[in-house]
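First comes the structure, then the notes that go with it.
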Amino acid sequence: MGEGTEPALRLSGVVRRYREGDGHLEILRGVDLAIRPGEMVALVAPSGAGKSTLLHVAGLLERPDGGEVTIGGRATAGLGDPERTRLRREEIGFVYQFHYLLPEFSALENVVIPQMIRGLSRRQARDRAAELLSFLGLKERLVHRPAELSGGEQQRVAIARAVANAPRLLLADEPTGNLDPQTSSHVFATLISLVRASGLAALVATHNLELAGRMDRRVTLQDGRAVELA
Ligand code: ADP
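Start counting the sequence shown at 123; every next residue gets the next number (the working numbering).
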């Protein structure tokens, strides 16, 4: 398979179980899933089905108990923790239901900081942050602190921060779950245009079937396995 067609994320036979009393609770029982660059996949399943667990394993935050997670063609099962951390920082962006922005920093600085940690100059980081925030409709909000922003604006800053280092893969866990329907729809539209413009692959857990309908594919978890929905 050529470099260009390599999935951004591939899960093969992924198993994850948690200890429960004397036994184990097997949450993921052999998940197979591939997401190509530029593709947006909705993860739709009832609470407790294992969506967050799947995102944590795909994001290299947890190790699976079996199977393989491949990021941009790079198999991760055999990697040590430092290498997994490096891959996570460079290749994966995360968005959560709550924004977790640093309250004492401006919108711009919240997007600058991860890039400086990565080694960019302040100037390069500021240019990219301003460009990203403008793309997301926040040009007039660069110097605002999170408390001075609306919920939808905060979440758009969190999206900009997640993609600041140009990851290959965006993982989002109910990214608009804390917003009213209209704001949620708007934030989601900006997320879609960002994914389309950047060629990023995205896996987005959501309860919102209308939002799921706007993505390229819908996947659910059934008995611990990924199943494509029509
Ligand atoms: P979802 O995101 O679909 O609501 P989760 O992935 O959060 O589901 O959880 C799936 C199941 O795994 C739940 O029953 C939850 O209680 C259990 N679980 C999740 N994390 C842990 C953990 N660290 N230890 C034990 N059980 C867990």
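Glycine included, every Cβ here is placed at the ideal spot set by N, Cα and C.
Are there 16 or more other CB atoms within 10 angstroms of the CB of His146, so buried, or fewer, so exposed? The Cβ neighbour count for His146, taken over all protein chains shown within 10 Å, is under 16; the residue is labelled exposed.
What separation, rounded to the nearest whole angstrom, lies between the Cα atoms of Ala294 and Gly143? Taking the straight line joining both Cα atoms gives about 31 angstroms.
Using the three-state DSSP reduction, which class does His308 fall into: helix, strand or coil? In the structure shown, His308 sits in a helix (DSSP, three-state: H, G or I).
Is it the case that the Cβ atoms of Glu128 and Asp338 are separated by a distance below 7 angstroms? Cβ atoms of Glu128 and Asp338: not closer than 7 angstroms.
Short Cβ contact (7 angstroms threshold) for Val285 with Gly241: No, the pair does not count as a contact, with Cβ atoms beyond the cut-off.
Could you pull out every residue in the same chain whose Cβ sits closer than 7 angstroms to the Cβ of Glu275, ignoring the five residues on either side in sequence? By the criterion of a C-beta distance shorter than 7 angstroms, Glu275 is surrounded in its chain by Leu260 and Arg263, once the five residues flanking it on both sides are discounted.
Contact the region 178-189 vs the region 200-214: 3+ CB pairs below 8 angstroms: Verdict: yes, contact present.
Going by other Cβ atoms of all chains shown within 10 Å of its Cβ, with 16 needed for buried, is Glu350 buried or exposed? Per the 10 Å Cβ criterion, exposed.
For the beta strand (DSSP E) that contains Leu258, what are its first and last residues? Per DSSP, Leu258 belongs to no beta strand (DSSP E) and is neither H nor E.
Could you give the residue range of the beta strand (DSSP E) that holds Ala348? Arg347 to Leu351 is the extent of the beta strand (DSSP E) around Ala348.
Could you pull the DSSP bridge partners for Leu147 from this structure? Residue pairing by DSSP places Leu147 opposite Tyr140 in a beta bridge.
Which of the three DSSP states, helix, strand or coil, is assigned to Met162? Three-state DSSP puts Met162 in a strand.
Three or more C-beta pairs under 8 angstroms: does that hold for the region 234-252 against the region 190-204? The region 234-252 and the region 190-204 do not touch, with fewer than 3 CB-CB distances between them shorter than 8 angstroms.
Run through DSSP, which three-state label would Glu190 get? Residue state for Glu190 is assigned as strand, using DSSP reduced to three classes.
The alpha helix (DSSP H) enclosing Thr342, as first and last residue numbers: Note, Thr342: premise wrong, no alpha helix (DSSP H); beta strand (DSSP E) at Arg339 to Gln344.
Using a threshold of 6 angstroms, is the CB atom of Thr175 nearer than that to any non-hydrogen atom of the ligand ADP? The closest heavy atom of the ligand ADP lies less than 6 angstroms from the beta carbon of Thr175.
Supposed contact pair Glu190 and Leu291 - C-beta distance, whole angstroms, cut 8 angstroms: About 15 angstroms separates the CB atoms of Leu291 and Glu190; that is not less than 8 angstroms, and the two are not in contact.
Express the C-alpha separation of Asp345 and Glu231 in angstroms, rounding to a whole number. A direct Cα-Cα distance of roughly 43 angstroms separates Glu231 from Asp345.
If you compare alpha carbons, which of Ala156, Ile149 and Arg138 is closest to Val341? Its Cα nearest to that of Val341, the residue Ala156 stands out among Ala156, Ile149 and Arg138.
So, Leu325 versus Leu150, is the Cβ gap smaller than 7 angstroms? Result no, Cβ atoms of Leu325 and Leu150 do not sit closer than 7 angstroms.
In whole angstroms, what separates the C-alpha of Gln277 from that of Glu148? CA-to-CA, the gap between Gln277 and Glu148 works out to about 33 angstroms.
Apart from the five residues just before and just after Gly273, which ones in its own chain have a Cβ nearer than 6 angstroms to its Cβ? Excluding sequence neighbours, Gly273 sits near Leu301.
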